[in-house]
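Right, one structure below, let's go through it.
In full-length UniProt numbering, the protein residues as written are 1 to 353.
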């Protein structure tokens with residue numbers, strides 16, 4: 001940074017036309033490359049999953065799960081956001097101009113700020129839709145089977161985009177609702193002079209709390225399902241023929257394992273978004289002068305920008321084999337106790353009969 005003292009003055013940052021000397025596009029380039037690569041890998045893995053499930057569904061009558069439809073929509077949203085936001089920053093570095101000077105009347109600044117708010121909110125709404133789908137699937141299975149369909153999942157993406165567009169367009173109705181922040185390569189909602197920033201941060205916080213509540217409810221339901229399964233561990237011996245209780249309970253165990261995989265994946269994505277959104281939430285309620293002096297504004301944006309980069313890599317890394325290992329670690333003691341108790345309890349019951 002050429003002049004650190006200038007960075008703390010809001011007027012200088014808002015009107016700056018040229019980037020300070022020493023600014024490097026290295027971090028932005030790495031983030032853009034990692035975001036695009038991660039999302040493309042995640043989409044390729046999802047496409048492979050879709051093709052595999054479509055092939056198996058011909059013989060079993062099953063189909064691609066709604067959860068994976070929502071994951072695909074989330075990854076697509078992250079990829080779209082990365083491709084529409086990062087090139088503006090790279091263009092700013094290439095021309096050594098700030099976003100305000102990059103286009104007439106600060107249009108590049110307005111575009112960047114709107115896109116940042118839109119895709120951050122859309123990502124959180126998609127995570128909420130995924131958490132709500134898991135909650136209905138586990139907590140209200142009858143309602144889920146009757147009302148929730150994969151075709152309905154295809155409507156979620158346009159609905160999320162419409163809601164995000166409506167809410168994020170509110171600053172466009174006012175005058176000077178967006179502001180350029182130091183070092184001049186990013187713009188966001190104006191701090192300190194409008195209540196919209198606090199409203200936006202509060203909405204993100206409420207969505208995070210709602211997602212955590214849904215996940216907690218799913219965990220409690222899965223624990224109850226596991227206890228019921230342990231209580232009926234000897235049932236397969238009473239009817240292990242095709243379509244009998246043994247086959248049905250094996251299907252229940254497979255279904256519960258899939259639910260655990262989905263929950264682990266969703267929990268990791270939710271934690272990453274909560275961590276990435278926390279600095280922004282703190283920044284929204286900070287005193288403007290203090291936040292600029294301590295450079296909270298820059299840190300908040302960097303954390304908020306990292307989330308769409310992390311999400312696809314979470315999905316790419318935590319593949320089903322990895323999730324099975326995590327599930328086995330989490331349930332290791334319970335599983336061992338169940339295996340040890342099953343022969344004993346079964347032999348006891350046979351002797352009593």
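Virtual Cβ for every residue (Gly too), placed ideally from N, Cα, C.
Rounded to the nearest whole angstrom, the C-alpha separation of residue 261 and residue 205 is 25 Å.
If you ignore the 5 residues before and after residue 124, its C-beta comes within less than 6 Å of the C-beta of 204, 207, all in its own chain and listed in chain order. Per the Cβ contact rule, the segment 170 to 187 is in contact with the segment 83 to 101 (3 or more Cβ pairs under 8 Å).
If the five residues before and after residue 274 are omitted, its C-beta is found closer than 6 Å to the C-beta atoms of 208, all from its own chain and listed in chain order. By the neighbour-count definition (other C-beta atoms within 10 Å, threshold 16), residue 160 is a buried residue. In the DSSP annotation of this structure, the continuous segment of the alpha helix (DSSP H) that includes residue 93 starts and ends at 66 to 95. Spanning the alpha carbons of residue 195 and residue 173 requires a straight line of approximately 14 Å. Its chain contains 150, 153, 154 as the residues whose beta carbon lies nearer than 7 Å to that of residue 69, once the 5 sequence neighbours on both sides are disregarded; these appear in chain order. Excluding five sequence positions before and after residue 89, the CB atoms of its chain that fall closer than 6 Å to its own CB belong to 28, 185, given in chain order.
Comparing alpha-carbon positions, the option among 178, 30, 305 lying closest to residue 272 turns out to be 305. Separation of residue 217 and residue 43 (C-alpha to C-alpha, rounded to the nearest whole angstrom) is 29 Å. A direct Cα-to-Cα measurement between residue 227 and residue 137 gives close to 18 Å. Excluding residues up to 5 positions away in sequence, 201, 300, 303, 304 lie with their Cβ nearer than 7 Å to the Cβ of residue 280 in the same chain. For residue 285, there is no enclosing beta strand (DSSP E), as DSSP gives it neither H nor E. Out of 87, 18, 264, the CA that lies nearest to the CA of residue 116 is found in 87. Each residue's CA atom was taken as its position, placing residue 37 and residue 91 some 20 Å apart. With respect to the 8 Å criterion, residue 134 and residue 67 are classified as neighbours on the basis of their beta carbons.
Residue 180 carries a strand assignment under DSSP once its states are collapsed to helix, strand and coil. About 7 Å separates the beta carbons of residue 308 and residue 119, which is inside the 8 Å limit, making them a contact pair. The beta-bridge partner set that DSSP reports for residue 188 consists of 179.
Comparing C-alpha distances from residue 214 to each of 163, 166, 278, 128 shows the shortest one belongs to 128.
When C-alpha distances from residue 284 are compared across 191, 145, 35, the shortest belongs to 191. Put simply, the backbone Cα of residue 113 is about 35 Å away from that of residue 148. In this model, residue 39 and residue 49 are separated by some 15 Å (Cα to Cα).
For residue 23, there is no enclosing alpha helix (DSSP H), as DSSP gives it neither H nor E. Across the set 110, 314, 223, 158, the C-alpha of 110 shows the shortest separation from the C-alpha of residue 170.
The three-state reading of DSSP puts residue 140 in coil, since its state is none of H, G, I, E or B. Residue burial annotation: residue 35 is buried, with at least 16 other C-beta atoms found within 10 angstroms of its C-beta. Residue 310 and residue 296 do not touch by the CB rule: their CB atoms are close to 21 Å apart, not below 8 Å.
Straight-line spacing of the CA atoms in residue 84 and residue 267 works out to 27 Å. Of all alpha-carbon atoms in 141, 167, 165, the one lying nearest the alpha-carbon of residue 221 is that of 141. Apart from the 5 residues on each side of it in sequence, residue 144 sits with its Cβ closer than 6 Å to the Cβ of 136, 137 in its chain, given in chain order. Counting the other CB atoms within 10 Å of its CB gives residue 122 a total of 16 or more, which places it among the buried residues.
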